[in-house]
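Below is one structure, written out as structure tokens; comments come after it.
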Amino acid sequence: MRAAGIAGVEKIVVVTNRDHFFKTACAFEELGLEGISCTYILEPEGRDTAAAVAVAALHVRDMHGVDAVILVLPADHLIRDIEMYNQAVNQAVSMAREGQLVTFGIQPTYAETGYGYIESSGSKVIRFVEKPDMETAASYCASGRHLWNSGMFCVTCFTLLELLQEHANDILSSCELTLAASPQSLVPNGFQIMLDHSSFSLVPKASFDIAVVEKAANIGVIACDIGWSDIGSWNAIAGLTAPDVNGNRIDGQAVMIESENCFVRSNGRTIGMVGVKDLIVVDTGDAILIADAGQTQLVKRIS
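Residue 69 in full-length UniProt numbering sits at position 69 of the sequence shown, with consecutive numbering throughout.
Okay, structure coming up:
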């Protein structure tokens, strides 16, 4: 939805699971978009981000041509400074039209082990670094050469398809076969593409970062301070709530006694915390999560 606020955006392509279609479409309808159409590409199952980017790029090629500029934006990110974000996007579009794959690097404000990093020199990417340990993350934060890898990209359709063909042709070819077998239909303000399950299930799983980005030669980075947060982790979500004098962040009803640096989210019930620190506690009504604040990356193991 962030794309809807960028000047010059005419089309939005959403790649999501079939189960999320109605909620997603309703959310866009509530925005009251004028002059912007949406295509919803609906996955029967997740095949990771390389497949999602590939099917979107192929659709853009078929509908708008290879000269179209594409912004690749994860859904679970928050951007607070829209003006600075728009400036960064305009700069990225100019670089993309010169044939570069452009990534957005975020100035780190603390040592974070849950993010990947970009080592850079000006607008040039030196290398990508996977999620580091705390000591390494602290050194990156202090170096002045490292940025958080936001996972957002800007690139022309032509360059993107070239990169996919060079580095992930098996994924691109499989996605092309899938689209050819997938029915399309009109929906309010756009299209719906229901990806063929039997074809899509054969698409190799790989992340776009690993399959393409880290192998690309002509890649640039824009260092930006846009109030970015990856709200795909509980630590990031906690950071959206102001702390009290003891560093506790409370969203809902909680009683805190001799407790420090905890995040509590309660959906109705009151949660009591006594003599603890550095915990994440989330009560959704259906389930309760209790986690060490330094181990929230392991939450994905809960099924």
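Even glycine gets a Cβ: it sits at the ideal position worked out from N, Cα and C.
Just so you know, these numbers come straight off a predicted model, no measurement behind them.
- Alpha carbon to alpha carbon, how far is Val102 from Met273? The residue given as residue 102 occupies position 102 in the sequence shown. The residue given as residue 273 occupies position 273 in the sequence shown. Near 45 Å, if we compare the C-alpha coordinates of Met273 and Val102.
- Item | Where Thr241 sits in the DSSP three-state scheme | Residue mapping note: residue 241 aligns to position 241 of the sequence shown, counting from 1. DSSP places Thr241 in coil when its eight states are reduced to three.
- Query: Can you tell which of Ser123, Asn90 and Glu162 has its C-alpha closest to the C-alpha of Arg145?
  - Reply: Sequence index remark: in the sequence shown, residue 145 carries index 145 (1-based). Comparing Cα positions, the closest option is Ser123.
- Task: State the start and end residues of the unbroken beta strand (DSSP E) segment that holds Tyr117.
- Result: Taking the sequence shown and counting its residues from 1, the one referred to as residue 117 is at position 117. Where Tyr117 is concerned, the enclosing beta strand (DSSP E) stretches over Tyr117 to Ser121.
- Can you give the Cα-Cα distance for Gly151 and Gly285, rounded to whole angstroms? Within the sequence shown, numbered from 1, the residue matching residue 151 stands at position 151. Within the sequence shown, numbered from 1, the residue matching residue 285 stands at position 285. Roughly 32 Å separates the two Cα atoms.
- Query: What's the call for Cys26, buried or exposed, on a 16-neighbour Cβ count within 10 Å?
  - Reply: As a first step, residue 26 is located in the sequence shown; it is residue number 26 there, counting from the start. It counts as exposed.
- Cut-off 6 Å between Cβ atoms - residues of its own chain near Val264, not counting five sequence neighbours on either side: Mapped onto the sequence shown, residue 264 falls at position 264. Here the set comprises Ile250, Ala254, Ile271 and Val281.
- Pair every Cβ in the stretch 214-225 with every Cβ in the stretch 235-248, then say whether three or more of these pairs are closer than 8 Å. no
- Message: Residues in the same chain with beta-carbon distance under 6 Å from Val276, minus the five sequence neighbours each way, listed in chain order, please.
- Response: Within the sequence shown, numbered from 1, the residue matching residue 276 stands at position 276. Contacts found: Ser259.
- Give the DSSP-derived three-state secondary structure of Ile219 in the structure shown. Stepping through the sequence shown from its first residue, residue 219 is reached at position 219. If DSSP states are grouped into helix, strand and coil, Ile219 belongs with the strands.
- Query: Counting pairs of Cβ atoms below 8 Å between the stretch 159-178 and the stretch 82-90, do you hit three or more?
  - Reply: no
- Task: Name the residue from Phe28, Asp19 and His20 whose alpha carbon lies nearest to the alpha carbon of Pro188.
- Result: Locating residue 188 in the sequence shown gives position 188, where the first residue counts as 1. Per the Cα distances, Phe28.
- Closest Cα partner of Gly46 within the set Ser229, Ile210, Ile226 and Ser201: Within the sequence shown, the letter at position 46 stands for residue 46. If we check each option's Cα against that of Gly46, Ser201 comes out closest.
- What is the DSSP secondary structure of Leu161, reduced to helix, strand or coil? Looking up residue 161 in the sequence shown gives position 161. DSSP places Leu161 in helix when its eight states are reduced to three.
- Item | Top-ranked residue by Cα proximity to Asp292, from Ser233, Ser198 and Asn267 | As a first step, residue 292 is located in the sequence shown; it is residue number 292 there, counting from the start. The candidate whose alpha carbon is nearest that of Asp292 is Ser233.
- Across which residues does DSSP place Thr136 in a beta bridge pair? In the sequence shown, the residue the question calls residue 136 occupies position 136. Answer by DSSP bridge pairing: none, since Thr136 is not bridged.
- Message: Given this structure, state the Cα-to-Cα distance separating Glu43 from Glu83, to the nearest angstrom.
- Response: Reading the sequence shown from its first residue, position 43 is the one you call residue 43. Reading the sequence shown from its first residue, position 83 is the one you call residue 83. Roughly 33 Å between the two C-alpha positions.
- Item | In DSSP terms, what His59 is bridged to | One-based indexing of the sequence shown puts residue 59 at position 59. Answer by DSSP bridge pairing: none, since His59 is not bridged.
- Query: Are the stretch 58-73 and the stretch 218-225 in contact at 8 Å, needing three or more beta carbon pairs?
  - Reply: no
- Message: Let me confirm a value: Tyr140 is counted as buried when at least 16 other C-beta atoms fall within 10 Å, else exposed. Which label applies?
- Response: Numbered from 1 along the sequence shown, position 140 holds the residue referred to as residue 140. Buried, since its Cβ has 16 or more Cβ neighbours within 10 Å.
- Rounded C-alpha distance that separates Val129 from Leu186: Within the sequence shown, numbered from 1, the residue matching residue 129 stands at position 129. Within the sequence shown, numbered from 1, the residue matching residue 186 stands at position 186. Roughly 42 Å separates the two Cα atoms.
- Message: What would DSSP say about Ala111, mapped onto helix, strand or coil?
- Response: Taking the sequence shown and counting its residues from 1, one reaches residue 111 at position 111. Three-state result, Ala111: coil.
- Item | Lys124 in three-state terms, based on DSSP | The count along the sequence shown starts at 1 and reaches residue 124 at position 124. Lys124: strand per DSSP, three-state reduction.
- Query: What number of angstroms, rounded off, separates the C-alpha of Leu147 from the C-alpha of Glu112?
  - Reply: Numbered from its first residue, the sequence shown carries residue 147 at position 147. Numbered from its first residue, the sequence shown carries residue 112 at position 112. Going from the Cα of Leu147 to the Cα of Glu112 covers about 11 Å.
- Beta-carbon separation of Val69 and Cys157 under 9 Å? Start at 1 with the first residue of the sequence shown, and residue 69 comes out as number 69. Start at 1 with the first residue of the sequence shown, and residue 157 comes out as number 157. Yes. Within cutoff.
- Message: Less than 9 Å between the beta carbons of Ile237 and Ile79, yes or no?
- Response: For the purposes of this step, residue 237 is taken as the residue at position 237 of the sequence shown. For the purposes of this step, residue 79 is taken as the residue at position 79 of the sequence shown. No, Cβ-Cβ distance for Ile237 and Ile79 is not below 9 Å.
- Ignore the nearest five residues each way along the sequence and tell me which others in Val53's own chain have a CB closer than 7 Å to its CB. Within the sequence shown, numbered from 1, the residue matching residue 53 stands at position 53. Closer than 7 Å at Cβ, skipping near neighbours: Val72 and Phe208.
- Query: Residue range of the beta strand (DSSP E) that Ile12 falls in?
  - Reply: Within the sequence shown, numbered from 1, the residue matching residue 12 stands at position 12. Lys11 to Asn17 is the extent of the beta strand (DSSP E) around Ile12.
- Report yes if the CB atom of His77 is closer than 9 Å to the CB atom of Ser229, and no otherwise. Here residue 77 corresponds to residue number 77 of the sequence shown, with the count starting at 1. Here residue 229 corresponds to residue number 229 of the sequence shown, with the count starting at 1. In this structure, Ser229 lies closer than 9 Å to His77 by Cβ.
- Along the chain, where does the beta strand (DSSP E) that runs through Ser229 open and close? Along the sequence shown, one-based indexing puts residue 229 at 229. Where Ser229 is concerned, the enclosing beta strand (DSSP E) stretches over Trp228 to Asp230.
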